[in-house]
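Residue numbers for the sequence shown follow this note's numbering, so the first one is 22 and each next one is one higher. C-beta: ideal position from N, C-alpha, C; glycine also. Predicted model only: the values in this text are computed from it and were never measured. Here's the structure we're looking at; comments come further down.
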Amino acid sequence: MTTEPVELDSDLLARVRAVTGDVPGLIESAIRRQLDDRSFGRLLDELEAETGPLPEDLVAEAERFWHAS
């Protein structure tokens with residue numbers, strides 16, 4: 022494992038510490054989630070470039086399903 026110095030706003034750091042004592046773990050988790058989201062976003066962009074945009078009715082149905090669960 023490698024360490025990297027990171028500067029955080031003191032109020033943000035206090036909030037993180039109040040919620041979890043594992044500041045490095047929370048930072049690592051957030052970075053992993055951001056990277057996964059960006060990778061997924063690129064995949065969706067590639068699929069849309071190949072097949073065209075999704076029909077609006079399917080998007081609306083997926084959003085209803087997502088919010089219902």
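* Asked: In terms of residues, what are the limits of the alpha helix (DSSP H) holding residue 32?
  -> Your numbering for residue 32 matches position 11 in the sequence shown. Residue 32 -> alpha helix (DSSP H) spans 31-40.
Report task. Could you pull the start and end residues of the alpha helix (DSSP H) that residue 44 belongs to? Result -> Against the sequence shown, residue 44 aligns to sequence position 23. Per DSSP, residue 44 belongs to the alpha helix (DSSP H) from 44-72.
Roughly how many angstroms lie between the CA atoms of residue 71 and residue 61, to the nearest whole one? Position 50 of the sequence shown, counted from the start, is the residue given in the question as residue 71. Position 40 of the sequence shown, counted from the start, is the residue given in the question as residue 61. Approximately 15 Å, taken between the alpha carbons.
* To do: Please say whether residue 33 and residue 41 have beta carbons closer to each other than 8 Å?
  => For the purposes of this step, residue 41 is identified with residue 20 of the sequence shown, where counting begins at 1. For the purposes of this step, residue 33 is identified with residue 12 of the sequence shown, where counting begins at 1. No, they are not a contact pair.
**Message:** For a quick check, are the C-beta atoms of residue 27 and residue 37 less than 8 Å apart?
**Reply:** Taking the first residue of the sequence shown as position 1, residue 27 is located at position 6. Taking the first residue of the sequence shown as position 1, residue 37 is located at position 16. Taking 8 Å as the Cβ cut-off, residue 27 and residue 37 do not qualify as a contacting pair.
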